[in-house]
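In this note's numbering, the protein residues as written are 212 to 477. The C-beta atom is built at its ideal place from N, Cα and C for all residues, glycine as well. Small disclaimer: the values here were computed from a predicted structure and weren't measured.
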Ligand code: T3D
């Protein structure tokens, strides 16, 4: 029996779990094994209470080049019309939806090119920290496809519809400095410092009141399609939940006692 090839490496450091897309020879393109491993790893991180921040990064010189085009080459050997939607629905969409639903902060540590669904994956994360050599390519158009895996949802909301449309229909490379300027990433750091700075940021986030971060994420996800009355009522409801956490009590108590709070994510 053929030995399974590792496509994703998983590392724990304290409350931070790092998922590293690990197919560097194809710039971490997604084959079905990698997509399955990534989906499982995100679900596992959601369930594991010891994980309070998730980091996604890539091995080698890329974050991810999107769908592995060589892996699906057989499709193109006949004239049978393709049905790509089911592949997207079954293998990509659950991961993207889970990254938005997981009530823990998720950082994309973008160490190189993020193209196609690799770009979408980075956009679905809560924070994007890019190395100086990182770049973002809505590469779908270069192979005659539409942006998928959430790109048409996240990109206009992050950088505005005009810029998003231009990126999507040109498939041009947006380098890290431009990405920072247009709000596509939160920070750009020297490549050599990316791992350390990501870890520092992840540790900071992991020490915060995790449930409040999760509820904030829930509120902001809802705000994308809400009206003001509905949203402020939803905030009030979530505040009831946040108010019942141990971390809320700890935060107020620490403030009144003039000491640094010790949040436990409870
Ligand atoms: O089911 C469906 O098909 C629908 C799903 C759609 C989702 C999508 O993600 S569609 C978009 C798919 N991705 C792309 O079209 C990007 C293709 N790659 C590139 O355009 C370029 O590789 C990059 C701009 C990302 C990087 O360029 P560069 O010059 O830095 O590297 P390179 O030389 O092109 O790539 C290095 C190697 O990785 C090379 O292999 P080799 O020649 O060394 O043996 C290349 O073939 C391989 N590689 C890169 N991207 C992919 C890939 N192999 C398979 N699939 C890839 N996506």
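Compute the distance between the beta-carbons of residue i and residue j, then report whether it is under 8 Å.
i, j, result
"residue 345", "residue 327", "no"
"residue 365", "residue 334", "yes"
"residue 265", "residue 245", "no"
"residue 322", "residue 405", "yes"
"residue 221", "residue 252", "yes"
"residue 313", "residue 397", "no"
"residue 325", "residue 241", "no"
"residue 442", "residue 453", "no"
"residue 423", "residue 226", "no"
"residue 318", "residue 338", "yes"
"residue 332", "residue 360", "yes"
"residue 399", "residue 387", "yes"
"residue 320", "residue 409", "yes"
"residue 311", "residue 432", "yes"
When the Cα atoms are used, what is the spatial distance from residue i to residue j?
i, j, result
"residue 271", "residue 235", "5 Å"
"residue 420", "residue 477", "7 Å"
"residue 481", "residue 342", "Summary: the structure shown does not reach residue 481, with the chain confined to residues 212 through 477, and so no result is reported for it."
"residue 276", "residue 468", "51 Å"
"residue 436", "residue 430", "11 Å"
"residue 427", "residue 315", "10 Å"
"residue 330", "residue 302", "16 Å"
"residue 393", "residue 363", "16 Å"
"residue 295", "residue 218", "23 Å"
"residue 463", "residue 450", "14 Å"
"residue 411", "residue 459", "24 Å"
"residue 447", "residue 243", "42 Å"
"residue 259", "residue 425", "14 Å"
"residue 355", "residue 473", "51 Å"
"residue 415", "residue 223", "15 Å"
"residue 291", "residue 401", "47 Å"
"residue 371", "residue 357", "18 Å"
"residue 288", "residue 280", "13 Å"
"residue 285", "residue 444", "52 Å"
"residue 216", "residue 375", "36 Å"
"residue 230", "residue 278", "18 Å"
What distance in whole Å lies between the Cβ atoms of residue j and residue i, which are believed to be in contact at a cut-off of 8 Å?
i, j, result
"residue 471", "residue 465", "6 Å"
"residue 267", "residue 336", "6 Å"
"residue 228", "residue 283", "At roughly 30 Å, the Cβ-Cβ gap does not stay under 8 Å, so residue 228 and residue 283 are not in contact."
"residue 250", "residue 306", "5 Å"
"residue 379", "residue 352", "6 Å"
"residue 348", "residue 384", "5 Å"
Hey, does residue i have any beta-carbon neighbour from chain B nearer than 8 Å?
i, result
"residue 402", "Among the protein chains of the structure shown there is no chain B, as only one such chain exists."
Using a Cβ-based criterion (distance less than 7 Å to any ligand heavy atom), does residue i qualify as near ligand 2?
i, result
"residue 359", "Here the bound small molecules are ligand 1; ligand 2 is not part of this structure."
### Task
Note down, one range per segment and in chain order, each alpha helix (DSSP H) of at least 4 residues found wholly within the segment 304 to 357.
304 to 312 and 328 to 335
### Task
Tell me the start and end of each unbroken alpha helix (DSSP H) in the segment 402 to 445 that is at least 4 residues and wholly inside, in chain order.
If one requires a minimum length of 4 residues, the alpha helix (DSSP H) runs lying completely within the segment 402 to 445 are 405 to 417 and 421 to 434, in chain order.
### Task
Jot down the residue ranges of each uninterrupted alpha helix (DSSP H) in the segment 450 to 476, minimum 4 residues, whole runs only, in chain order.
457 to 467
### Task
Go through the segment 257 to 286 residue by residue and report every complete run of the beta strand (DSSP E) that reaches 3 residues or more, in order.
Those beta strand (DSSP E) runs which fall completely within the segment 257 to 286 and span 3+ residues are 264 to 269 and 273 to 275.
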